[in-house]
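**Q** Protein chains in written order, with this note's numbering: chain F, 1 to 838; chain H, 1001 to 1227.
In this text, a Cβ means the ideal position worked out from N, Cα and C, and glycines have one as well.
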Amino acid sequence: MNSRQQHSSALSTFVMAMTLLRREWRAGELRLLAFAMIIAVASTTSVGFFTDRISQALINQGSELLGGDLITLSTSPIKKEWIEEAKQQNLRSALATNFPSVVSSGEKLQLVDVKAVSTGYPLRGELKTGVDLFTEGVTTTSIPKAGKVWVDNRLISLLSLSIGDRLKLGASTFQLSRLLIQEPDRGTGMVSVAPRLMMNHADLEATALIQPASRVSYRLLIAGQRKEVDRYREWLKPELSRGQRIITSDEGQPQMRVALERAKRYLSLASLISVLLSGIAIAMVVRRYAEKRFNDCALLRCLGCQGSQITQLYLWQMRTLGLIAGCVGLIVGGFSQQGLVLLFSSWIPLELPLPTLTPAFVGLATGMIVLIGFGSPPLYRLQRVPPARVLRQDLGPPPISGIVVYTLILISLSLLITWYTEDLKLTLWVLGGILMTTVLLILMAQGLISLTRHLNTRVGISWRFGIANISRRAGMSTAQILALGIGMMVILLLTLVRTDLLSKWRDSLPASAPNQFLINIQPDQVDAVTAFLKQEGGVDARLMPMVRGRLTAINQQQVSRANYHNPNSRQRVGRELNLTWSQSLQPDNKVVAGKWWSDDQQDQPLLSIEEEFASNFGIKVGDQLEFQIADQKVSAPVANLRSVEWDSFQVNFFVLFSPGLLKDAPATYITSFYLPASRKPALNRLVAEFPSITVIDVEAMMNQVRQLIDRLSTAVEYVFLFTLIAGLLVLYAAIQASRDIRLYESAVLKTLGARRVTLFKAMAAEFLLLGSLAGLMAATSATLIAFVLSEQLFNLSFEINPWIWIVGTVCGALGTALAGLLGARSLLNQTPVVLLNS
Amino acid sequence: MNDPTVTPIVQSLDLCKQVSTAAGPLVILDQINLSILQGESVAIVGESGSGKSTLLGLLAGLDTPSSGRVIFEGQDLGSLDEDGRAALRAGEVGFVFQSFQLMPSLTALENIMLPLELNGDKNAEPHARSLLEKVDLTNRWHHYPRQLSGGEQQRVAIARAFSVDPKLLYADEPTGNLDRRTGQRVIDTLFALNEEHATTLVLISHDEALASRCNRLLRLDTGRLVT
Chain F
1 MNSRQQHSSA LSTFVMAMTL LRREWRAGEL RLLAFAMIIA VASTTSVGFF TDRISQALIN
61 QGSELLGGDL ITLSTSPIKK EWIEEAKQQN LRSALATNFP SVVSSGEKLQ LVDVKAVSTG
121 YPLRGELKTG VDLFTEGVTT TSIPKAGKVW VDNRLISLLS LSIGDRLKLG ASTFQLSRLL
181 IQEPDRGTGM VSVAPRLMMN HADLEATALI QPASRVSYRL LIAGQRKEVD RYREWLKPEL
241 SRGQRIITSD EGQPQMRVAL ERAKRYLSLA SLISVLLSGI AIAMVVRRYA EKRFNDCALL
301 RCLGCQGSQI TQLYLWQMRT LGLIAGCVGL IVGGFSQQGL VLLFSSWIPL ELPLPTLTPA
361 FVGLATGMIV LIGFGSPPLY RLQRVPPARV LRQDLGPPPI SGIVVYTLIL ISLSLLITWY
421 TEDLKLTLWV LGGILMTTVL LILMAQGLIS LTRHLNTRVG ISWRFGIANI SRRAGMSTAQ
481 ILALGIGMMV ILLLTLVRTD LLSKWRDSLP ASAPNQFLIN IQPDQVDAVT AFLKQEGGVD
541 ARLMPMVRGR LTAINQQQVS RANYHNPNSR QRVGRELNLT WSQSLQPDNK VVAGKWWSDD
601 QQDQPLLSIE EEFASNFGIK VGDQLEFQIA DQKVSAPVAN LRSVEWDSFQ VNFFVLFSPG
661 LLKDAPATYI TSFYLPASRK PALNRLVAEF PSITVIDVEA MMNQVRQLID RLSTAVEYVF
721 LFTLIAGLLV LYAAIQASRD IRLYESAVLK TLGARRVTLF KAMAAEFLLL GSLAGLMAAT
781 SATLIAFVLS EQLFNLSFEI NPWIWIVGTV CGALGTALAG LLGARSLLNQ TPVVLLNS
Chain H
1001 MNDPTVTPIV QSLDLCKQVS TAAGPLVILD QINLSILQGE SVAIVGESGS GKSTLLGLLA
1061 GLDTPSSGRV IFEGQDLGSL DEDGRAALRA GEVGFVFQSF QLMPSLTALE NIMLPLELNG
1121 DKNAEPHARS LLEKVDLTNR WHHYPRQLSG GEQQRVAIAR AFSVDPKLLY ADEPTGNLDR
1181 RTGQRVIDTL FALNEEHATT LVLISHDEAL ASRCNRLLRL DTGRLVT
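1) When you check each C-beta in the region 384-404 of chain F against every C-beta of chain H, which residues fall closer than 7 Å?
2) When we look at the beta-carbon of F/N652 and count the other beta-carbons within 10 Å, is it buried (16 or more) or exposed?
3) What number of angstroms, rounded off, separates the C-alpha of H/P1008 from the C-alpha of F/I735?
4) Using 8 Å as the threshold, is the C-beta distance between H/I1071 and H/V1010 below it?
5) Any heavy atom of the ligand FAD closer than 7 Å to the beta-carbon of F/Q557?
6) Can you give me the start and stop residues for the beta strand (DSSP E) that H/I1044 sits inside?
7) Closer than 7 Å between beta carbons: that is the criterion. Which residues of the region 286-304 of chain F meet it against chain H?
8) Which bits of chain F does H/F1162 rub up against, with CB to CB less than 9 Å?
9) Taking Cβ positions only, does F/G320 come closer than 8 Å to chain H?
10) Would you say H/G1051 lies against chain F (beta-carbon separation less than 8 Å)?
11) List, from N- to C-terminal side, the beta strand (DSSP E) runs of 3 residues or more that fit wholly inside the region 1035-1087 of chain H.
12) Can you tell me whether F/P802 is buried or exposed? The criterion is at least 16 other CB atoms within 10 Å of its CB, across all chains shown.
13) Residue ranges of each beta strand (DSSP E) run of no fewer than 3 residues wholly in the region 111-197 of chain F, ordered along the chain?
14) State whether the region 439-446 of chain F contacts the region 476-494 of chain F, with contact taken as three or more CB pairs (one from each stretch) at a distance under 8 Å.
15) Name the chain H residues that come within less than 7 Å of F/M37, Cβ to Cβ?
16) Which residue from F/F335, F/T452, F/C305, F/Q337 puts its Cα closest to that of H/E1092?
17) For F/G808 versus F/A778, is the C-beta spacing smaller than 8 Å?
18) Is F/T694 helix, strand or coil by DSSP?
19) Can you list the residues of chain F that H/A1090 reaches, using a CB-CB cut of under 8 Å?
20) Could you check which residue in H/A1161, H/A1171, H/R1146 has the C-alpha nearest to that of H/L1131?
21) Pick from F/S584, F/Y289, F/L299, F/A682: whose alpha carbon is nearest that of F/A531?
22) Cβ closer than 7 Å: which chain H residues qualify as neighbours of F/E24?
23) Grouping DSSP H, G and I as helix and E and B as strand, with all else coil, what is F/N90?
24) Can you check which of these residues, F/Q89, F/R561, F/L625, is closest to F/R226 by C-alpha distance?
25) Secondary structure at F/A636, three-state DSSP: helix, strand or coil?
26) Let me check one thing: in DSSP terms, what residues is H/C1016 bridge-paired to?
27) From the beta carbon of F/T311, is the nearest beta carbon of chain H less than 8 Å away?
28) What separation, rounded to the nearest whole angstrom, lies between the Cα atoms of F/D394 and H/E1040?
29) Is the region 751-770 of chain F touching the region 522-536 of chain F, taking contact as three or more C-beta pairs under 8 Å?
30) Three-state secondary structure (DSSP) at F/A667?
31) List, in order along the chain, the chain F residues whose C-beta lies closer than 7 Å to that of H/Q1101?
32) Got a sec, what are the start and stop residues for the alpha helix (DSSP H) H/E1117 sits in?
33) In chain F, which residues lie less than 9 Å from H/G1235 when you measure between Cβ atoms?
34) Rounded to whole angstroms, what is the Cα-Cα separation between H/I1187 and F/L408?
35) Can you look up F/N60 in the DSSP assignment and give me helix, strand or coil?
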């Protein structure tokens, strides 16, 4: 054939495919496939739209914690041109200038952390003020008026202030007009050990506090559309000089980052599972569809069709149908997520932005990848249907090579997983997990099926027939148990296991997580402070020593900024670190390499390093580190690396020494503890009794973190709802898979005189057994997967839930029997002639 | 009929087919030599299991022989692969099967249009409609196979077989699934169209009366040609 003929032949195949598609659609054959595709795309786009909107909302939430979408930190005043440029680019801007100063009220003086803000502050998040101590406060959109200031609880206590009092700050006098309860960006300033005073930026110059040598931190807050913010950032980058840097909402605090990271993993896993389930459902539907096309293909071969032409004929039908159904799925997905947003609007505490178009594209592309990857292999079999099948019905195409099927499925899976998770470790885990689970499930299914052969000795004829069916159709039963098992496994994972995991995650920040930090406790105050906390606050606080020091050498090699590319490491080089010593490992720390020191090693010089810090500096167990502490050099080998739960809010350190080594170094002590609101006045008495101690109240910040975790868990639950639907679709497809053979057999049995009740019992027995076997397998594999997920991915400890087995087996049996019998109801009521003719 | 100037449209040379079974090789066809000439109608008769359908499958290139050759229009089918044989059949060979083999998802009219459309015929529909008229099913054009009786389905299959005006028509027990009266009507339709189209006909049947309507009769007995 020349190229023109080839072109015209390809065209006529396409035209023919479309003609056939139109006719087959009308005949109703393809509707199930279209339905599967619609569900697949609808569920993935719903998940996509949700995750897109939720992650957009989370970025906004991140912005709330910064007070804007983009912050420029500077040690010199913010340039006017930067503000002008922001205005030009349709961005909102505000200024926040921080510096320490002393405020006086009457005779009393107090060091404060001043924050002068301009109109519009904060651009993101909420500012709350009130008039009474220890209240929730109300949200305000304004800032202190000229001549007025707002201060926090601690300053009120320290200076015994009340609303309306006058305060002197530098050359100006201000009136205290409100109490500052919550600032969105307070969390980013953990160093703010002094109480806060907020004033209007316009009053700043008159105070004459800012002099050339003053230690001032200038902030430019920017907010607007994401694209414009990104463009502004690109514009700003080259403008920055020494002492100036940009912070964006994706680089929050470590606590927030950990929470976001976990949520992203949960969400991508949720969408991934629904994609995989859709793939399984499509594979089952296409396989059944293809098997029903064997006769047609044999006929087409007789009529002179080429093998490749037959494949193209069906592939074009599948692609076209996939595309059309996919578009319908997009619309359904769009509506269903919007419907859910409306339905649950009062439950979703986050304000969700409009979805972008990306999930629509991703959803459609995902649907097509799944359709081609999972759906093509059965269609490739069609070109090998022998034409002699028109004469002998028992002739079928040779089974397609397993390598071809698995390679196609594996390629599409890898593509999808990598695309969805953007995380190589997770991709490998999931792929490996899927392969292992599939092999395990097949082995389990085959084992269980062979066991059923011994079951059928002492039961009635119908039960015996039903049970025998399982081993008689071993191949189909394996496939069915596998599909049912996977569907049920996901449902179990999503209901029981997910609840366990989510509640553990919520518990990882318990209500009693420390909300107060005390620093600057002198060694001679340790006993007195411990006793005070016990008596006044009812708190058993563990006071940790803290020594300041610099890391100077690793294995005799000087630590220099030039040796590191990682910005985190570069930033830390030469900085003072907080060092401590401890005899025992803290409960929220875990040794990940090496060993914790034993009792007889207490006097040896040894180090324990936090794992991320170690990886930033390339530190391994056994390395010799040297620290400069005051005027001394201290050197010790690394005994172990530790992981630290930074979101536990406990006091934690990058570098821990064995006891003894730092005994003579100048140390202060630090502690953290939980103090209920009712006992907060004790803090004022503490400060009065030990004036040198600084109290840091992290309650507001903790509430923000806790709220974020709550919101994320809710979001994850929504997303899993769609995965659940996909799981049910797989169950439906699995039950449908054996419908044709059941149809034929029940007709034959009826012809032979079997009564409806006998057939009903036989089917019930078969479905009950199939379902319970699948449920048993699902429970086992769900437990295994949950174990791997919680230990490896989410760093949560795992406990076995025995209910999974009971619920899995019983619900699996009843659910499958109910669905199967409902589906087969029409078979029981039909006359055998109708069944045999069809 | 053995006019040397008329070339055979299909011939078999030492054609054998055997399959392996648990009890050893089973010979289904043994040394079949036959020659079917352009325009003649040949009946192949025999008991059930005598190998009639297997022979038809081999002659039509639907199956491959264990040994021997089939020559169709001067082309050795053994030298062609599955696709090559399919290409040779396209538009040249028609089939009528015992079990009708209509596509269940297509209407009567669409089933007849199918081979025409596969050949790229732009006038498939009017052509198919005129054939429906000839088999007396004009009013049933929009019915699906499951809505038609056995006789009606077979008449649709006959119309489909003649739609591409084939040179050679294979009919495998065309009345095997039909009662006598319906079968008679189907056969009348088949022979009428065959005459009109001057098609070479190879008819497989165990019905001697039906076979006698053909020009020539070949008898198969346990895999061997006996006449």
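**A** Checking against the coordinates, here is how it stands:
1) P387, A388, V390, L391
2) buried
3) 54 Å
4) yes
5) As presented, the structure is devoid of all ligands, the ligand FAD included, so that no description of it is given.
6) 1041-1046
7) N295, D296, L299, R301, C302, L303, G304
8) Here the premise fails: no neighbours, minimum Cβ distance about 13 Å.
9) Here the sequence assigns Thr to residue 320 of chain F, which means Gly is not the residue at that position. Not an interface residue.
10) no
11) 1041-1046, 1067-1072
12) exposed
13) 127-130, 138-140, 148-151, 166-169, 172-182
14) yes
15) Per Cβ cutoff of 7 Å: no residues; F/M37 is ~19 Å from chain H at best.
16) F/C305
17) yes
18) strand
19) L303, G304, C305
20) H/A1161
21) F/A682
22) S1105
23) coil
24) F/Q89
25) strand
26) H/S1067
27) no
28) 32 Å
29) no
30) coil
31) N295, L299, V390
32) 1108-1118
33) Residue 1235 of chain H falls outside the range modelled here, since chain H spans only 1001 to 1227, and no answer is possible.
34) 50 Å
35) helix
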